[in-house]
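What follows is a short report on a single structure.
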Amino acid sequence: MTTPLLRCMLIGAALLAVAPAARAQAVAPPPSETGNEFSNLGTLPFTAQEALLLRPEDRAAIRKLEDRHLKEARDLEDKYASDLLALRIKQAEERAVLLKAFRR
16 MTTPLLRCML IGAALLAVAP AARAQAVAPP PSETGNEFSN LGTLPFTAQE
66 ALLLRPEDRA AIRKLEDRHL KEARDLEDKY ASDLLALRIK QAEERAVLLK
116 AFRR
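Going letter by letter, the sequence shown gives residues 16 to 119 in this note's numbering.
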């Protein structure tokens, strides 16, 4: 018969023996490379190469456009979040009204 302490020590030793092998198999994916506009669609509107080739006023125009796009996306996300919250509140109120209607 093994004591609980000995059993815990054996389990701990087994976990320590397996842990390095498990860590060795976990390989991180390669970093994503900056490509063209189409490969980065939705994450990076303009490539760095384009911005390097432009004049300062052109880069400012690109930055202004990027800022507008980000603002539009954030506004849409905020509207979605507020609409979803309103829907969940309405559903909770309907559920509460229905539960009150049940006889106990």
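Every residue, glycine too, gets a C-beta built ideally from N, C-alpha and C.
Residue i, DSSP secondary structure in three states
i      : result
Arg103 : helix
Met16  : In this prediction, Met16 scores a pLDDT of 49, lower than 50, which makes its location untrustworthy; no coordinate-derived value is stated.
Arg118 : coil
Arg78  : helix
Arg83  : helix
Arg22  : helix
Gly27  : helix
Integer Cβ distance of residue i from residue j, believed to fall under 8 Å
i     : j     : result
Leu85 : Ile77 : Their Cβ separation, rounded to whole angstroms, is 13 Å, which puts Leu85 and Ile77 out of contact at 8 Å.
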